[in-house]
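Here the structure is laid out as structure tokens; the discussion comes afterwards.
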Amino acid sequence: MRVFVPRSTQLLLVAAVVVLSATVSVCRAEHAPEVIELFDWFQARKGAEFNPKQEIHREFPDDPNSNLGVFATTNIAKGEVLVSVPWDTIIHAGRQVVSPPPLVCNTVRRLANEMRKGDESEFSPYVKYLEKQKFGQLPSAWSEAGQKMFKEVLGEELPPSEPVTWLEVDWREDCSGSTDRIDELAALLVVQRAEDDLMMPIYDMYSHRNGKYHNIDNNREEGKRFFLSAKRDISKGEQLYNSYNMCNDCGERADSYGTPDIFRDYG
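With our numbering applied, the sequence shown covers 37 to 303.
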């Protein structure tokens with residue numbers, strides 16, 4: 037027996053299927069195995085948000101040595117929140133830092149303290165992820181011979197200024213920091229991954245790139261949250277990029293901070 041279905045009902049059914057298909061595709065994010073524990077912990081934090089239109093994986097999925105990045109799994113509209121990190125999920129200095137120095141000493145100390153707690157830390161999955169990062173990514177952590185050669189190559193003319201002083205000057209002298217391996221690793225991680233005084237899970241997985249590729253804005257709500265939003269429409273398959281010197285809150289960096297400085301501070 038043939039059942040008659042009105043044209044309007046047929047259209048509604050088709051629309052429902054399209055919406056369901058889109059929803060399934062958005063929720064089918066397959067994050068890199070090495071970030072699953074961290075991601076699940078982050079998602080469980082009260083107030084934490086990660087836009088399901090993204091996934092975290094290697095830039096070249098078949099190459100385990102390529103960098104991790106965040107990629108759009110479907111179109112993302114300008115202004116959409118990409119990730120929102122609540123304040124109690126951030127390792128920070130413990131008080132508002134109005135004019136952050138190059139290295140925020142208290143953020144380093146709080147991170148080192150959480151690292152020493154190990155599994156007892158409330159930030160344990162984040163700390164474990166950080167501890168897996170290779171030591172020596174920054175020139176300041178190179179061997180004495182490596183630093184000497186680097187300075188000889190630069191000479192007196194080539195940038196960056198103070199190419200290898202993060203540990204020797206900023207940490208040990210300005211912060212009265214120790215030479216303990218955990219303390220020094222924490223200092224280097226804050227240099228390389230913090231947003232001023234804030235160490236934030238997931239945030240540092242968005243890589244740097246300028247020009248047409250830069251598609252993220254930073255947004256800080258002091259004491260509440262830090263979140264990233266799309267600065268323009270982002271197409272499916274695009275990698276999401278922040279900027280270390282052209283961001284919306286980068287201030288004078290846009291004019292005075294270039295590739296040599298980025299190499300010194302981010303590796």
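Note that beta-carbon positions come from the ideal geometry of N, C-alpha and C, so glycine has one too.
Going by DSSP in three states, residue i sits in which element: helix, strand or coil?
i      : result
Leu203 : helix
Gly247 : helix
Glu288 : coil
Leu56  : Because the pLDDT at Leu56 is just 41, under 50, the model does not fix this residue reliably, and the value given afterwards should be weighed accordingly. Helix.
Glu188 : helix
Phe86  : strand
Ile126 : coil
Ser308 : No answer is possible for residue 308: the residues shown for the chain start at 37 and end at 303.
For residue i, which option in the options has the closest C-alpha, if you only look at C-alpha atoms?
i      : options                      : result
Ile218 : Ala148, Glu204, Glu116       : Ala148
Phe186 : Glu70, Val106, Pro296, Ala68 : Pro296
Glu274 : Gln79, Thr110, Ala65         : Thr110
Ile92  : Phe75, Ser120, Gln79, Asn101 : Phe75
Glu204 : Ser176, Glu188, Pro195       : Ser176
Trp77  : Val163, Ser102, Pro136       : Val163
Leu118 : Leu166, Lys89, Asp232        : Lys89
Leu194 : Gly287, Asn254, Gly294       : Gly294
Near residue i, which residues of its chain fall below 6 angstroms by C-beta distance, leaving aside the five closest residues on each side in sequence?
i      : result
Ala223 : Val144, Trp207
Asp291 : none
Tyr165 : Leu74
Ser120 : Glu85, Arg261, Phe263
Output the distance between the C-alpha atoms of residue i and residue j, rounded to the nearest integer angstrom.
i      : j      : result
Ser279 : Ala108 : 17 angstroms
Pro199 : Lys272 : 39 angstroms
Phe263 : Ser160 : 21 angstroms
Glu85  : Phe96  : 26 angstroms
Gly83  : Arg256 : 15 angstroms
Could you name the residues of the same chain whose beta carbon sits closer than 7 angstroms to that of residue i, not counting the 5 residues immediately before and after it, in chain order?
i      : result
Leu221 : Phe171
Glu258 : Gln132
Arg142 : Correcting the residue type first, residue 142 is Asn in the shown sequence and not Arg. Excluding positions up to five away in sequence, the list reads Ala129, Gly130.
Ala52  : Caution applies to Ala52, whose pLDDT of 47 falls short of 50 and renders its modelled position unreliable; the model cannot decide the point.
Who does residue i pair with in a DSSP beta bridge?
i      : result
Val106 : Ile92
Gln275 : Phe107
Ala266 : Ile252
Ile112 : Ile270
Arg261 : Pro122, Glu257
Glu231 : Leu234
I'd like the list of long-range same chain contacts for residue i, defined as Cβ closer than 8 angstroms, with 5 residues on each side in sequence excluded.
i      : result
Met241 : Val71, Ile92, Leu104, Gly105, Val106
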